[in-house]
Amino acid sequence: MTIPAVSISTVSTPTVSTPAVSIVVLNYNGLHHLHGLFAGLADQTLRDFELVLIDNGSRDGSQAAVAQLRTAFNVPTRLIANPQNVGFAAACNQGIRAGKSPFVIMLNNDTRPEPQWLEQLVTTAADQPDVGMVASKMLFAHRPDRINSAGIALDWTGIAWDWRGGEEDDPAETDVQEVFGPCGGAGLYTRALLEQIGGFDDDFFAYLEDVDLAWRARLAGWRCLYQPRARVLHAHSATSGEGSPFKSFLLGRNKVWLLAKNYPQPWLNRYLPEIVGYDLMASLYGVATRGDAALMRGRLAALAALPRFMAKRRAIQSRWHDVDNWRRLMQPVVPPWAVSQRYTHLAAGMDRPA
Numbered sequence: 001m002t003i004p005a006v007s008i009s010t011v012s013t014p015t016v017s018t019p020a021v022s023i024v025v026l027n028y029n030g031l032h033h034l035h036g037l038f039a040g041l042a043d044q045t046l047r048d049f050e051l052v053l054i055d056n057g058s059r060d061g062s063q064a065a066v067a068q069l070r071t072a073f074n075v076p077t078r079l080i081a082n083p084q085n086v087g088f089a090a091a092c093n094q095g096i097r098a099g100k101s102p103f104v105i106m107l108n109n110d111t112r113p114e115p116q117w118l119e120q121l122v123t124t125a126a127d128q129p130d131v132g133m134v135a136s137k138m139l140f141a142h143r144p145d146r147i148n149s150a151g152i153a154l155d156w157t158g159i160a161w162d163w164r165g166g167e168e169d170d171p172a173e174t175d176v177q178e179v180f181g182p183c184g185g186a187g188l189y190t191r192a193l194l195e196q197i198g199g200f201d202d203d204f205f206a207y208l209e210d211v212d213l214a215w216r217a218r219l220a221g222w223r224c225l226y227q228p229r230a231r232v233l234h235a236h237s238a239t240s241g242e243g244s245p246f247k248s249f250l251l252g253r254n255k256v257w258l259l260a261k262n263y264p265q266p267w268l269n270r271y272l273p274e275i276v277g278y279d280l281m282a283s284l285y286g287v288a289t290r291g292d293a294a295l296m297r298g299r300l301a302a303l304a305a306l307p308r309f310m311a312k313r314r315a316i317q318s319r320w321h322d323v324d325n326w327r328r329l330m331q332p333v334v335p336p337w338a339v340s341q342r343y344t345h346l347a348a349g350m351d352r353p354a
């Protein structure tokens, strides 16, 4: 998509040196979240960072509030103001291009990181040259004893979910583990990785763009580590609305594009019957239980645009580096009731108190 002209405002004191980290935050009518975000960033033990905040045409006074919050919390901030909502993926790419820092972090506007969050992410990424991604431990803001996400999990049917979503948190957890990729709500990417394979796919608009980026990175030989000491609170799905038809449409569409671009042919051929079967069940379940055909409409929209994605597929598949780098982290196919349990456990953590 074509990104409209933007205005860029530096509301921080200009610095000569490039900060170690660019924290990219997308905001869309999220004024009520910004105080917590700035407060969390102000408490970070690692101070060598800049905040690049992209506002996607908010009408709630967010842009005017950024300068006040920067001053109040002393957070170096650049504001990129889009006149309209260009989507999560395209806006984040604007933020990536705006900086030159060796580490880029995607952070949702409805988060509040704990003080050592940034330091833990950067230290983990700096230790090993083949680690291009680091996943945070995201906790539900209203249930901080429950994990929202510890990274991306992906099974052979192409179903992605938040690894360990809904599990009880262990604050003393320290074991760093390898995961498929980071959740884009609080994930670190090295600039070396982004320059090699590109950023998010603008066509996705929102949802599954982080899975797409992680899969492309895996095919190119990059690894991702989960750092449990990088803790951040998250108000889940605060912008688009959990379970909204718009979200269902995007998930349905982007799932097809995700597989069309990234799934290596031998394994796609092997699992295609299961992929089609599970997709049909998910679409029909949405119609039968909620009268919601958005998921089905998304699938059909994806198929209509599929020829355009074949060029992307050819470019990605030509960059295979190590088959086992992605294959060994794929999760097994499970029965449909077990698939739904993944989201039941997640929903248990999402339940708001009455």
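Position one of the sequence shown corresponds to residue 1 (the working numbering), numbered consecutively onward.
Glycine is no exception: its CB is placed at the ideal position from the N, C-alpha and C atoms.
Please read all numbers here as calculations on a predicted model, not as lab measurements.
Would you decide whether residue i is buried or exposed? Buried here means 16 or more other CB atoms lie within 10 Å of its CB.
i: TRP163; result: buried
i: GLU50; result: buried
i: GLN63; result: buried
i: VAL86; result: buried
i: GLY252; result: buried
i: GLN68; result: exposed
i: GLN44; result: buried
i: LYS247; result: buried
i: ALA311; result: exposed
i: GLN120; result: buried
i: LEU306; result: exposed
i: ASP170; result: exposed
i: GLY165; result: buried
i: HIS236; result: buried
i: GLN227; result: buried
i: HIS321; result: exposed
i: MET281; result: exposed
i: GLU209; result: buried
i: THR124; result: buried
i: ASN269; result: exposed
i: ASN56; result: buried
i: ALA89; result: buried
i: ARG342; result: buried
i: GLN94; result: buried
What are the boundary residues of the alpha helix (DSSP H) that includes residue i?
i: THR289; result: 265-290
i: PHE355; result: The structure shown does not extend to residue 355, since the chain spans only 1 to 354, so no value can be given for it.
i: SER248; result: 245-262
i: ASN93; result: 88-98
Could you pull the start and end residues of the beta strand (DSSP E) that residue i belongs to?
i: THR77; result: 77-82
Tell me the DSSP secondary structure of residue i in three-state form.
i: CYS224; result: strand
i: MET296; result: helix
i: ALA230; result: strand
i: VAL334; result: coil
i: TYR212; result: Looking at the sequence shown, residue 212 is not Tyr but Asp. In this structure, ASP212 counts as helix in the three-state DSSP scheme.
i: TYR207; result: coil
i: TRP320; result: coil
i: ALA238; result: Bear in mind that a pLDDT of 49 at ALA238, under 50, signals an unreliable position, so the number given afterwards is only what the model happens to contain. Correct three-state label for ALA238: coil.
i: ARG342; result: helix
i: ARG308; result: helix
i: ARG218; result: helix
i: LEU37; result: helix
i: ARG327; result: helix
i: SER12; result: With a pLDDT of only 42 at SER12, under the threshold of 50, the placement of this residue in the model should not be trusted; the figure read from the coordinates follows. Reduced to three states, the DSSP call for SER12 is coil.
Going by DSSP, which residues form a beta bridge with residue i?
i: MET133; result: TYR189, CYS224
i: ASN27; result: ASP55
i: VAL21; result: PHE49, PHE103
Taking Cβ positions only, does residue i come closer than 8 Å to chain C?
i: TRP215; result: The structure shown contains no chain C; it is built from a single protein chain.
| field | Residue ranges of each beta strand (DSSP E) within the stretch 40-75, 3 or longer | value | As for any beta strand (DSSP E) of minimum length 3 sitting wholly inside the stretch 40-75, the runs are 49-56, ordered along the chain.
| message | Which runs of the beta strand (DSSP E) at least 3 residues long sit entirely within the stretch 153-189? Give them in chain order. | response | Runs found: 160-162, 177-179.
| said: Which complete beta strand (DSSP E) runs does the stretch 102-152 hold, if anything under 3 residues is left out? | reply: 103-107, 111-113, 131-140, 147-149
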